[in-house]
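Counting in our numbering, the sequence shown runs from 4 upward without gaps. Scroll down for the structure; my scribbles are underneath it.
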Amino acid sequence: MERIISSSRNEQKSKVVFWGLIILIWLVSTFLDRNWWLNSNQIPSWDPADYLNSAMSNGRALTVLPGGEWEGFRGLINHSSKIPPLASFVNGTIIALAGDAPYKAAWSLSLWHALLIYSVAGIGIKLKGRYFALLSVLFVAIAPALASLRLNYVLEMPVCASSTLALWLLGNWADPIKGGNRNQAIIAGISCSIALLIKQSSLLVIVPPIMWLTFMVIKPSKIKLKDFFIFFVIIIGSVLPWLKHNWITVISGTNRAVIASAAIEGDPLISSIDNWLYYAKVIPQQIGLFFLLIGLTGLIYAYLQSMKKYGKSNLISIYIFKSDYFFWNWLILNSIACWLLTTLVPNKDPRYITPLLPYIIIFLSLGWFFILEFVLVKNNKYKFLANILLIPAIYLVTNPLFQAMRVSVTNSDREWQISNIIKEVSLLISSTEKETLVVVPSFAELNQHNLSYYGRRNGGNILARQLGRHITDIEPCLNRCNLVLLAEGDLGDDNSVRESAYKLDKAIRDSKIFYKAKEFERVRGGTYSLWMRKSNYKNKSNFANEFATLAKGMENGPAGVKNVFDVIAVEHMIDGHRKYQKVAKLEALKNLKENPKTINSRWTLGLIAILENKPKEADIHFAALEQELINNPWPSAYRTIVNIAGWNPLKASYIANKASLKHNNYVLIGLKDASEILSGKVWSIKSAYISIPKAIEYINKISKESN
4 MERIISSSRN EQKSKVVFWG LIILIWLVST FLDRNWWLNS NQIPSWDPAD
54 YLNSAMSNGR ALTVLPGGEW EGFRGLINHS SKIPPLASFV NGTIIALAGD
104 APYKAAWSLS LWHALLIYSV AGIGIKLKGR YFALLSVLFV AIAPALASLR
154 LNYVLEMPVC ASSTLALWLL GNWADPIKGG NRNQAIIAGI SCSIALLIKQ
204 SSLLVIVPPI MWLTFMVIKP SKIKLKDFFI FFVIIIGSVL PWLKHNWITV
254 ISGTNRAVIA SAAIEGDPLI SSIDNWLYYA KVIPQQIGLF FLLIGLTGLI
304 YAYLQSMKKY GKSNLISIYI FKSDYFFWNW LILNSIACWL LTTLVPNKDP
354 RYITPLLPYI IIFLSLGWFF ILEFVLVKNN KYKFLANILL IPAIYLVTNP
404 LFQAMRVSVT NSDREWQISN IIKEVSLLIS STEKETLVVV PSFAELNQHN
454 LSYYGRRNGG NILARQLGRH ITDIEPCLNR CNLVLLAEGD LGDDNSVRES
504 AYKLDKAIRD SKIFYKAKEF ERVRGGTYSL WMRKSNYKNK SNFANEFATL
554 AKGMENGPAG VKNVFDVIAV EHMIDGHRKY QKVAKLEALK NLKENPKTIN
604 SRWTLGLIAI LENKPKEADI HFAALEQELI NNPWPSAYRT IVNIAGWNPL
654 KASYIANKAS LKHNNYVLIG LKDASEILSG KVWSIKSAYI SIPKAIEYIN
704 KISKESN
């Protein structure tokens, strides 16, 4: 009895020591990260600043940050139109607690890193015990690529942490001996929901294990169908509200980020050798070449030892992975599947493979485990040599980490002018006024994203937007812009400044409408100049007043729609706060109250509802227009589209079917077939195969004729 009690106490003590060391690794890595952030004056560039803006928008929507208000659940998820909102909810809350300076906001990265370390520790314990888990956690903490994610405000660290947690918990549920528990299914469902609500790319990690579980349900196993159903209900119930509200922008945004970006950036074709070797080339740098070589050496050593002991038999793999054979298979096979899926994604970037790195590091840590076991345990005569080699080994393993940090800190002595620009803009406008600063052109160190973030700090209302991508931006900018930021000097070859941006720059300088309020020195030479509209040159046009006429153009079908959204796209750069919508909406409601049959007001309210992503509200106004404009097919077409957008394909098919019989319009016929398919009438695929191409051809023809 005493022996059992003593063993239990030793086990408890071992747990405390183990988790104490894990916490120590996290504290040391966090200390290094915080030291980097405190000494770096680096301004977040495009993507990091975009994610900071998302965190701030969601923090304001949650009312934990100044400058926001509760807009209801729909208003909350409206702030995450392209990327799921969970990371922004967490990061926005951290900003509220720690502060909105970028180095303070980066505390969230340390918390996500803690989740990653915890998940790796859990996997390590399951695979080969606490000593192996400690090795794995240590190597994950010092891996250069994973460390760089703690020094860059991007979503890959949250994705890495949440997907590793999900793979671990899914594996626990799938375990043929200890798995099959309903509680495990619920916890796994929650972890998968967390990963998916951070970023869509988590699918690349969690789809393979879910497919594995699906096969386990089909064939006799411990995974029960009822538990699998509960698991899916949790995931769908978590993700569906956001996806249902934003599915169109999610699809368009994903297409732009994954397919269009690959073409623009010249990424290798999927069928090419360069594509299949892309991530294999970058991984040695991401985890450290020395760590990789020793890890592979250890695995080869273990294989040779097992060959000597067992010969050519199945016992070789059991010898190497003897602690938890199933979970090693789970980890390795899912890692391979994740690698294949990531390679199949057209857009390539070294950070896209980082969610896979913890699994690769865990696998290579096994090689280190065998090497250390050989040197320190099995052959005592090598202990002296091991102690001598310990210091250079530590240096070689950790050097890539400190090298990455040192390279990044080279920016620490730079004087960025972004704060000074925002201060000057604040002096030129009312402190409570919502203002938009137009940037021409945009750079990594100063762009519309980081200017917006700094302009919104401490409850500020200054947004920045970019113009100059098209020559057609010049006239609306001269007519309605109040504040413009231009650049002088060498703009560099790497900024891809368009000719249209140069022409807009010249038009502003030569117009006599703006005056130069102040200049700011650029780090790379040259200056930034802030231009403000002169008081005697009031805005030539009020877009809120023009909006009703613009919206009425939708009655002309595709040609009118194209013109409407081309104009609105520019206006949203000039008026980032979209102040015109409130004015136009109030005026339309007023006119509608006086005369319920005011057609222009219906077009205005219908278009605003579309822009605000309110399909049910848009349907009401287009239904009224359908009754008033009985010979116009387009209100019915718009009704069909907004009902499809609102996940109401049955109603959409009813509207399109009725309208297509009346108007015999190619677009309506195509929409009818599409909505019928979405509502479950799969037999409409045959007619859709003919009608949808005809509808597209018709739309393209009208669009060309209108140009």
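By construction, the Cβ of each residue, glycine as well, lies at the ideal position given by its N, Cα and C atoms. Keep in mind that this is a model prediction, so the values were computed, not measured.
Rounded to the nearest whole angstrom, the C-alpha separation of K247 and L296 is 47 Å. DSSP places I647 in the helix class (H, G or I) of the three-state scheme. In the three-state DSSP reduction, T530 falls in the strand class (E or B). According to DSSP, residue pairing for M535 in a beta bridge involves L486 and Y518.
For R472, the secondary structure class from DSSP, reduced to helix, strand or coil, is coil. Less than 9 Å separates the beta-carbon of F373 from that of L302. Considering only R642, Y456 and F294, the residue with the shortest C-alpha distance to A626 is R642. DSSP, reduced to helix, strand and coil, places F523 within a strand of the structure shown. In this structure, L632 sits away from E524, with a CB-CB distance that is not shorter than 9 Å. Shown here, I86 sits in coil according to DSSP, grouped into three states, outside any helix or strand.
Classified as buried, P105 has 16 or more neighbouring CB atoms from the shown chains inside 10 Å of its CB. The criterion of a C-beta distance shorter than 9 Å is not satisfied by L466 and R460. As summarised for the stretch 58 to 139, the continuous alpha helix (DSSP H) elements at least 4 residues long and confined to that stretch are 75 to 80, 89 to 101, 105 to 108 and 110 to 131, given in chain order. Ranking V140, I98 and S17 by CA distance to the CA of V31 puts V140 first.
Assigned with DSSP and collapsed to three states, E478 falls in helix.
For V670, the enclosing alpha helix (DSSP H) starts and ends at Y669 to L681.
Inter-residue distance for K311 and F377 is about 15 Å (C-alpha atoms, whole angstroms).
Across the structure, P652 and T607 are spaced so that their CA atoms are roughly 25 Å apart. In the three-state reduction of the DSSP assignment, E438 falls in the strand class, which pools E and B.
Taking 9 Å as the cut-off, the beta carbon of N485 is found closer than this to the beta carbon of T439. Three or more Cβ pairs closer than 8 Å define a contact, and the stretch 560 to 573 meets that threshold against the stretch 693 to 710. Secondary structure within the stretch 553 to 579: the alpha helix (DSSP H) runs of 4 or more consecutive residues, fully enclosed, are 561 to 577 (chain order). In the three-state reduction of the DSSP assignment, E597 falls in the helix class.
In the DSSP assignment, V242 falls within the alpha helix (DSSP H) that extends over L228 to N258.
If you look at I201, you'll find it isn't in any alpha helix (DSSP H); DSSP assigns it neither H nor E.
Taking the Cα of V670 as reference, the smallest distance to any Cα among G649, K684, A265 and N635 is reached at N635.
Cβ-Cβ distances below 6 Å link Y281 to K351 in the same chain, with the five nearest sequence neighbours on each side left out; the list follows chain order. Cβ-Cβ distances below 6 Å link L172 to I190, A191 and S194 in the same chain, with the five nearest sequence neighbours on each side left out; the list follows chain order.
From the listed residues V500, S538, R527 and G528, the smallest Cα separation to Y518 is found for S538. For the pair A101 and A90, the CB atoms are not nearer than the 9 Å cut-off. Residue environment for T601: buried (at least 16 other C-beta atoms within 10 angstroms of its C-beta).
Below 8 Å, too few C-beta pairs join the stretch 39 to 49 and the stretch 205 to 224 to call them touching: fewer than three.
In this structure, DSSP gives E448 a state outside helix and strand, which the three-state scheme calls coil.
For E620, the three-state secondary structure derived from DSSP is helix. Taking all protein chains shown into account, I86 has 16 or more neighbouring C-beta atoms within 10 Å of its C-beta and is therefore buried. As a beta-bridge residue in DSSP terms, I465 pairs with E438.
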